[in-house]
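To start, the structure under review is shown below, and the notes come after it.
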Amino acid sequence: MDAAMALALLFFCVLLLASGAIAFLLIRHCLARAPPHRHRQAQPEAAAKQLQQQALLAIKKEPAPRRLAWREVEALTGGFDEAAVVGRGGSSTVYLARLLDGSPVAVKVHRWCGGERRLRAFRQELDLLRRLRHPHIVALLAYSDDHEDEGALVLEYLGGGTLADALHGTAAAPLPWAQRMRVLHDVACALEHLHGGGASVVHGDVSASNVLLSDGGARLCDLGSACEGFSAAVAPARAAVASPGYADPFFLRTGIVSSRSDVYGFGVLLLEAVTGLPAASEAENLTARILPRVRARGVAGLVDGRLGDGGHDEEEAAGVARLAVECVAAQPGLRPSMAQVRAAIAEKAARSIAKAGCGHHIQLSKLLELT
Numbered sequence: 001m002d003a004a005m006a007l008a009l010l011f012f013c014v015l016l017l018a019s020g021a022i023a024f025l026l027i028r029h030c031l032a033r034a035p036p037h038r039h040r041q042a043q044p045e046a047a048a049k050q051l052q053q054q055a056l057l058a059i060k061k062e063p064a065p066r067r068l069a070w071r072e073v074e075a076l077t078g079g080f081d082e083a084a085v086v087g088r089g090g091s092s093t094v095y096l097a098r099l100l101d102g103s104p105v106a107v108k109v110h111r112w113c114g115g116e117r118r119l120r121a122f123r124q125e126l127d128l129l130r131r132l133r134h135p136h137i138v139a140l141l142a143y144s145d146d147h148e149d150e151g152a153l154v155l156e157y158l159g160g161g162t163l164a165d166a167l168h169g170t171a172a173a174p175l176p177w178a179q180r181m182r183v184l185h186d187v188a189c190a191l192e193h194l195h196g197g198g199a200s201v202v203h204g205d206v207s208a209s210n211v212l213l214s215d216g217g218a219r220l221c222d223l224g225s226a227c228e229g230f231s232a233a234v235a236p237a238r239a240a241v242a243s244p245g246y247a248d249p250f251f252l253r254t255g256i257v258s259s260r261s262d263v264y265g266f267g268v269l270l271l272e273a274v275t276g277l278p279a280a281s282e283a284e285n286l287t288a289r290i291l292p293r294v295r296a297r298g299v300a301g302l303v304d305g306r307l308g309d310g311g312h313d314e315e316e317a318a319g320v321a322r323l324a325v326e327c328v329a330a331q332p333g334l335r336p337s338m339a340q341v342r343a344a345i346a347e348k349a350a351r352s353i354a355k356a357g358c359g360h361h362i363q364l365s366k367l368l369e370l371t
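The structure is reproduced here in structure tokens:
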């Protein structure tokens, strides 16, 4: 009996040890096959990277603006990475992304958070950019409009900053005179296209901050304040007040905006380019400060002093200043059309525009043919 009990106890111990050994081997095998924790975390990152590459490839291949899912916008911006932010507006943030070939693009993310006006501005800009194609209007590459409180525009990226930065920033060298004339001509071409390109579009916020610069010229951007579908005026409810210093006084008095409101803003832009002074200051607007002197004595002593002696063409400066006076006339009916303004710039500043290349290497003779 004692021998039987001892044998049973021995068998039980052997069985217990064998079970423990088998359990240990199974656990070790599972741990060996399981990926480290950091690899499990990397899987979502890899998926996001793949999604980003797919979105970038699609943007590159599509000839027309492509509609993106919101998750693709998140992938493009690196999950809305603050390190990728290159600009901010009242209701939008601009992120820098790159296509597969390294080309930069700007992802402009709008957040309206239930605000009807902001949503309407996004829809307006998206609708216009999908239809508009012009070498001096920023191009739309892709967009996303399926999110409840947010939308995104993927735009061409211009690395030269804004005209406001170039004229009033902290750059060591001022924007050369010829380059200023070239930029003004580019913007005038863009506005002429908006006003007379069949859509009858008023930009609504012509300003130095809405002009982007690059080696290839200038692009007009930000169509969120634009109005469309009229020849002379629109209802005040659809109009938006332009940036300080550029707003048409007639619009401010009456609430009526027209293509001549853009002409007024462009006239202020002309004065800015000539004098190097900002459109608005704490004391007074540029037009109130400069116009009486221009009307009385021309531009003598008013040209941007940073250009130095011989840094500008005096004849061109005088002609551009006179054109600015016409553009900011009190009554819209006394202002020229943008077609007339563009032709006048092409004539008055032809030498400088040709010198700067005009974005399309237009020769002096060709510029004069346009007038």
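For the sequence shown, UniProt numbering assigns the number 1 to the initial residue and increments by one for each residue that follows. Note that beta-carbon positions come from the ideal geometry of N, C-alpha and C, so glycine has one too.
DSSP, read as helix, strand or coil, puts Val-187 in helix.
Pairing Gly-245 with Asn-285 gives a Cβ-Cβ distance under 8 Å. Gly-196 carries a helical assignment under DSSP once its states are collapsed to helix, strand and coil. Along the length of the region 138-163, whole beta strand (DSSP E) runs at least 3 residues long occupy 140-144, 150-156, reported in chain order.
Rounded to the nearest angstrom, the Cβ distance from Leu-271 to Thr-287 is 7 Å, consistent with a contact under 8 Å. In its chain, beyond the 5 residues on either side, Ile-59, Pro-65, Val-105, Val-154, Leu-155, Glu-156 have a beta carbon closer than 7 Å to the beta carbon of Leu-141. Excluding five sequence positions before and after Ala-190, the CB atoms of its chain that fall closer than 7 Å to its own CB belong to His-134, His-136, Ile-137, Leu-220, given in chain order.
The beta carbons of Val-109 and Ser-92 sit about 6 Å from each other, so the pair counts as a contact at 8 Å. Check the Cα spacing between Leu-76 and each of Leu-100, Ala-139, Val-183: the tightest is with Leu-100. Rounded to the nearest angstrom, the Cβ distance from Ile-345 to Leu-119 is 36 Å, too far for a contact under 8 Å. Ala-280 carries a strand assignment under DSSP once its states are collapsed to helix, strand and coil.
The beta carbon of Phe-122 is closer than 6 Å to those of His-110, Gly-151 in its chain, skipping five residues each way along the sequence. DSSP, reduced to helix, strand and coil, places Thr-93 within a strand of the structure shown. Counting the other Cβ atoms within 10 Å of the Cβ of Asp-262 gives 16 or more, which makes it buried. For Glu-315, the closest of Leu-128, Trp-177, Gly-159 by C-alpha to C-alpha distance is Trp-177.
In this chain, the alpha helix (DSSP H) harbouring Leu-119 covers 116-131. In the DSSP assignment, Ala-173 falls outside any beta strand (DSSP E), carrying neither H nor E.
Taking the C-beta atoms as reference points, Gly-276 is found nearer than 8 Å to Pro-174.
Here Arg-342 is not near Glu-228, since their CB atoms are 8 Å or more apart. Residue Ala-321 holds the alpha-carbon nearest to the alpha-carbon of Ala-349 among Pro-332, Cys-327, Pro-336, Ala-321. Bridge partners of Ala-288 according to DSSP: none are assigned. Distance from the CA atom of Val-107 to the CA atom of Asp-309, rounded to whole angstroms, is 42 Å. Residues of the same chain with a CB within less than 7 Å of the CB of Tyr-264, apart from the 5 flanking positions on each side, are Asp-248, Cys-327, Val-328, Arg-335 in chain order. Within the same chain, Ala-199, Val-201, Leu-223, Ala-226, Glu-228 come within 8 Å of Leu-128 by CB-CB distance, once the 5 residues on both sides are set aside.
Scanning the region 240-272 for uninterrupted alpha helix (DSSP H) segments of 4 residues or longer gives 249-254, listed from N- to C-terminal end. Beta-bridge partners of Arg-111 (DSSP): Glu-150. If you draw a straight line from the Cα of Ser-281 to the Cα of Asp-205, it comes to about 18 Å. Less than 8 Å divides the Cβ of Gly-160 from the Cβ of Leu-212. Within the same chain, Trp-70 come within 6 Å of His-147 by CB-CB distance, once the 5 residues on both sides are set aside. Closest option to Val-294, judged by alpha-carbon separation, among His-312, Val-325, Asp-304, Gly-311: Val-325. DSSP places Cys-227 within a strand segment (E or B) once states are collapsed to three. Boundaries for Arg-351: no beta strand (DSSP E) harbours it, while the alpha helix (DSSP H) harbouring it runs 350-356, taken from the DSSP string.
For Val-299, no alpha helix (DSSP H) segment is defined, and its DSSP state is neither H nor E. Leu-302 is not a Cβ neighbour of Val-257, given a cutoff of 8 Å. For Leu-220, DSSP records a beta bridge to Ile-137, Val-211.
At least 8 Å separates the beta-carbon of Ser-144 from that of Arg-88.
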